[in-house]
Amino acid sequence: MIDALLELPPFLRQRLAGALETGLLAPPFTQAQLHSVVGPGAEGAVAASCEWTRLGVSGAAAAAWLRSLDRANSSVVPASFVWTGPGAAKGLHSRDTRQVYRELIASAKRSLLISTYAYFDGPQQFRDLAAKMDADPSLRVTLLLNIDRGRRSTTKAKQLVSRFADQFWNRDWPGQAKPSVYYDPRSLAPDGPGAVLHAKAVIADEQSLFVTSANLTEAAQDRNIEVGVLLSDRTLALTALRHFRALIDQKLLHQIPNPGHSNEMG
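Quick note, the sequence shown lines up with residues 3 to 268 if you use the working numbering.
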């Protein structure tokens with residue numbers, strides 16, 4: 003129940019609490035009432051209201067619980083800046099991009115979602131992740147990668163995807179266990195890329211969210227001036243993960259052909 007409510011944006015939880023406090027919502031709760039307050043994305047509220055009804059919780063008590071949940075969850079958001087850049091600059095103390103990537107991969111126990119616009123030297127960049135997956139077959143991994151058409155290419159989109167998949171599995175991916183890999187098909191439009199998959203982020207175990215300007219390249223990880231933020235916050239991690247999952251579920255991102263078992267995040 004708590005996870006379902008945490009997936010609601012904070013302003014919707016506050017709207018729900020206000021309706022409970024004023025009596026606009028009162029037990030027995032109905033799905034139509036809840037939709038009128040929080041809109042069509044009310045699954046979390048519906049699940050919670052069923053539990054409140056079962057336990058005999060009043061509207062005022064449910065509102066107080068929601069308020070305390072938000073206060074406890076948002077009082078402190080552990081966050082830190084993560085940088086790539088000149089390491090010898092005086093007076094600068096920061097976490098290192100490559101080290102944070104390695105720590106998130108090493109610490110993941112259930113799931114990882116990694117999105118990047120570009121990667122070079124796949125065997126090197128994916129080495130730690132592949133080793134982790136081979137050592138722990140239960141780890142669910144999803145990669146979101148961009149497929150570049152090229153400005154003057156007239157190759158059909160299907161052929162570009164097939165070529166990318168062949169190179170990824172046979173040359174770039176160094177492990178035996180296979181992640182699920184998705185791409186944005188709009189980047190392969192025949193009249194040129196109107197949009198690309200440009201997000202750079204890591205979500206680990208639905209608990210940690212790393213948003214960064216750095217791609218999975220040696221330059222971005224070790225030399226360029228890049229900046230990111232690492233957030234140890236379940237609400238933000240779930241919100242980001244829910245967005246990526248919606249893009250996949252609604253077929254806005256497509257999966258590249260996978261020769262092995264799908265290891266997609268559930």
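We treat Cβ as the ideally placed atom computed from N, Cα and C, and that holds for glycine. If you're wondering where the values come from, they're calculated on a predicted model, not measured in any experiment.
Taking the alpha-carbon positions, what's the residue i to residue j distance?
i	j	result
T237	Q209	8 Å
G196	R153	11 Å
F212	A239	9 Å
V59	V39	19 Å
D251	A50	24 Å
A64	W85	42 Å
G87	Q101	13 Å
A221	E228	10 Å
S82	A206	16 Å
T144	K180	9 Å
A201	P30	43 Å
V204	T99	12 Å
D72	P125	43 Å
R142	G25	43 Å
Q35	C52	13 Å
L199	A28	44 Å
L115	L243	8 Å
R97	H37	43 Å
R112	T156	41 Å
Y185	L254	9 Å
F246	S182	13 Å
A248	M135	24 Å
S137	T241	It should be pointed out that residue 137 corresponds to Ala in this sequence rather than to Ser. Straight-line Cα distance between these residues: approximately 29 Å.
G20	A66	10 Å
F166	I107	24 Å
D123	P12	40 Å
S70	D130	40 Å
I think residue i touches residue j, with their Cβ atoms under 8 Å apart; what is that distance to the nearest whole Å?
i	j	result
D150	S189	7 Å
A47	L22	In fact, because the Cβ distance is near 10 Å, the residues do not count as touching under 8 Å.
S164	P80	So it is not a contact: roughly 43 Å between Cβ atoms.
R15	L57	Wrong, their Cβ atoms sit about 19 Å apart, outside the cutoff.
For residue i, which beta-bridge partners are listed by DSSP?
i	result
H245	Answer is none; H245 lacks a bridge partner.
D98	W85
A62	Partner(s): none; A62 has no beta bridge.
V143	L114
F212	V204 and L232
Y185	H256
Y121	L218
Skipping 5 residues on each side, what residues in its chain have a beta carbon closer than 8 Å to that of residue i?
i	result
Y121	Q127, F128, L147, D174, N217, L218 and T219
P261	W171 and K180
R17	V39 and V40
L162	I149, R151, S155 and L190
Residue i: which of the options sits nearest, CA to CA?
i	options	result
K158	K253, I258 and A191	A191
R104	H245, L232, R247 and Q257	L232
K160	L106, S182 and H256	H256
T55	Q169, S113 and Q33	Q33
P139	A110, L106 and D123	A110
For residue i, which residues of its own chain have a beta-carbon under 6 Å away from its beta-carbon, when the five flanking residues on both sides are left out?
i	result
A132	P176 and G177
N226	T86
T214	K202 and G230
Can you name, in chain order, every residue of its own chain whose Cβ lies under 7 Å from the Cβ of residue i, other than the five neighbours on each side?
i	result
D224	T86 and R100
G268	Confidence is the limiting factor: at G268 the pLDDT is only 40, short of 50, which leaves the residue's position unreliable, though a coordinate-based value still follows. Once the five neighbours on either side are set aside, the close Cβ partners of G268 are R142.
Y119	N148, V198, L199, H200, K202 and N217
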